[in-house]
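Position 135, counted from 1, in the sequence shown is what my numbering calls 143; the numbers after and before it change by one each time, with no gaps.
Note that CB positions come from ideal geometry on N, CA and C, so glycine has one too.
A short worksheet on the structure shown next.
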Amino acid sequence: MTEKRAWVSAGSFGHTGITWPFTPAGAKQAISDIAACGYGGVELFGFVLDVYPGGVDAVGEDLAAAGLEYAASYCSVSLVDPGKRDADLASMRRWAGQVKALGGSVAVVGPDQRTRVEYDSDDYATIAQALNQIGRLTAEFGVYTCFHPHTLTPVETREAIAQVMDRIDPAVVCMAPDTGQIAKGGGDPVEVVRTYRDLVRHLHLKDYIGGVSTVDWVGGGKDRTGYLDYTPVGEGVVDIAGVLAAIGPSFPGWVMVELDATDNSERPAIDAARTSKKNLESIIERMS
Numbered sequence: 009m010t011e012k013r014a015w016v017s018a019g020s021f022g023h024t025g026i027t028w029p030f031t032p033a034g035a036k037q038a039i040s041d042i043a044a045c046g047y048g049g050v051e052l053f054g055f056v057l058d059v060y061p062g063g064v065d066a067v068g069e070d071l072a073a074a075g076l077e078y079a080a081s082y083c084s085v086s087l088v089d090p091g092k093r094d095a096d097l098a099s100m101r102r103w104a105g106q107v108k109a110l111g112g113s114v115a116v117v118g119p120d121q122r123t124r125v126e127y128d129s130d131d132y133a134t135i136a137q138a139l140n141q142i143g144r145l146t147a148e149f150g151v152y153t154c155f156h157p158h159t160l161t162p163v164e165t166r167e168a169i170a171q172v173m174d175r176i177d178p179a180v181v182c183m184a185p186d187t188g189q190i191a192k193g194g195g196d197p198v199e200v201v202r203t204y205r206d207l208v209r210h211l212h213l214k215d216y217i218g219g220v221s222t223v224d225w226v227g228g229g230k231d232r233t234g235y236l237d238y239t240p241v242g243e244g245v246v247d248i249a250g251v252l253a254a255i256g257p258s259f260p261g262w263v264m265v266e267l268d269a270t271d272n273s274e275r276p277a278i279d280a281a282r283t284s285k286k287n288l289e290s291i292i293e294r295m296s
């Protein structure tokens with residue numbers, strides 16, 4: 009068995025919960041389905057953990073019953089609005105505590121949706137400052153702050169990514185790139201992963217149908233796939249093999265398969281997750 013194949017079998021691939029409804033019931037189903045597909049870990053939204061019946065203890069029980077590890081929480085905060093900083097930090101303190109309690113080590117931090125057309129260097133300096141504050145806070149819990157650029161937010165394009173990453177404190181802020189989001193934003197996922205490899209602690213492995221997307225945050229406009237123009241891994245334009253080669257089989261973090269579902273998604277979430285897993289294993293087999 010090759011090193012790359014052993015990497016898959018070792019369970020360092022997980023799946024995020026975004027393909028299921030953003031509710032406690034959806035998260036509970038995600039845990040069950042992700043385990044059934046053979047993934048090793050799960051990432052859920054911080055705001056879902058906030059309202060999960062029974063709290064993090066109940067989440068931990070469901071994870072244990074499914075045989076899954078808790079990889080990370082996705083944490084959406086403003087970053088660009090200083091007026092929301094105190095509230096953002098309070099949320100991050102709560103979410104970092106939940107991650108720690110569940111045995112995880114990563115808070116994936118993404119910015120809220122953009123509220124204006126253009127952002128300037130001062131805005132990106134504010135975002136980096138917020139990330140540095142969050143990074144110092146989560147470090148108190150032994151949790152990494154991993155910045156996640158995202159389409160339809162202030163940090164979408166390759167230029168915007170550089171504006172932020174050139175300003176963060178690498179001692180307290182890592183990166184969690186999303187290959188599909190980067191491609192959708194016009195960037196090269198392999199180049200981004202390779203450029204920031206030393207800071208990448210967590211990775212969202214997502215595929216994109218290609219071309220220019222006109223779909224909005226929740227599936228309005230022309231959604232060509234029913235998944236915000238994303239597709240199961242291996243069925244789009246992202247060079248999945250190139251991304252995996254860029255991070256290497258000794259990557260210390262989680263690689264989280266992801267597919268953004270909407271009300272227009274045509275297949276059950278478990279089927280999409282299973283398809284991605286099958287395609288991913290085939291890709292890695294070809295790399296061997």
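If you draw a straight line from the Cα of residue 193 to the Cα of residue 273, it comes to about 22 Å.
Residue 149: not part of any beta strand (DSSP E); DSSP gives it neither H nor E. Counted as a single uninterrupted DSSP element, the beta strand (DSSP E) harbouring residue 22 occupies residues 21 to 24. Within the segment 42 to 83, the complete beta strand (DSSP E) segments of 3 residues or longer fall at 49 to 53, listed in chain order. Exposure of residue 271 is indicated by the presence of fewer than 16 other C-beta atoms within 10 angstroms of its C-beta.
Here DSSP, grouped into helix, strand and coil, assigns residue 187 to helix. Around the beta carbon of residue 44, fewer than 16 other beta carbons lie within 10 angstroms, which makes this residue exposed.
Within the segment 153 to 225, the runs of beta strand (DSSP E) that reach at least 3 residues and sit entirely inside it are, in chain order, 181 to 183, 210 to 213. Between residue 187 and residue 240, the C-beta spacing is not below 8 Å. Of the candidates 296, 167, 219, 245, the residue whose Cα lies closest to the Cα of residue 253 is 296. Between the segment 170 to 186 and the segment 128 to 139 there are three or more C-beta pairs closer than 8 Å, enough to call the two in contact. When secondary structure is reduced to three states using DSSP, residue 143 falls in the helix class.
Judged by DSSP in its simplified three-state form, residue 105 adopts helix. Rounded to the nearest angstrom, the gap between the Cα atoms of residue 148 and residue 212 is 25 Å. Spatial neighbours of residue 230 in its own chain (CB-CB distance under 7 Å, excluding positions within 5 residues in sequence) are listed in chain order as 222, 223. Take the alpha-carbon of residue 179 and the one of residue 29: they are about 35 Å apart.
Pairing residue 56 with residue 31 gives a Cβ-Cβ distance under 8 Å. The closest CA to that of residue 216, considering only 207, 227, 204, 236, is found on 236. According to the DSSP assignment, residue 125 belongs to no alpha helix (DSSP H), since it is labelled neither H nor E.
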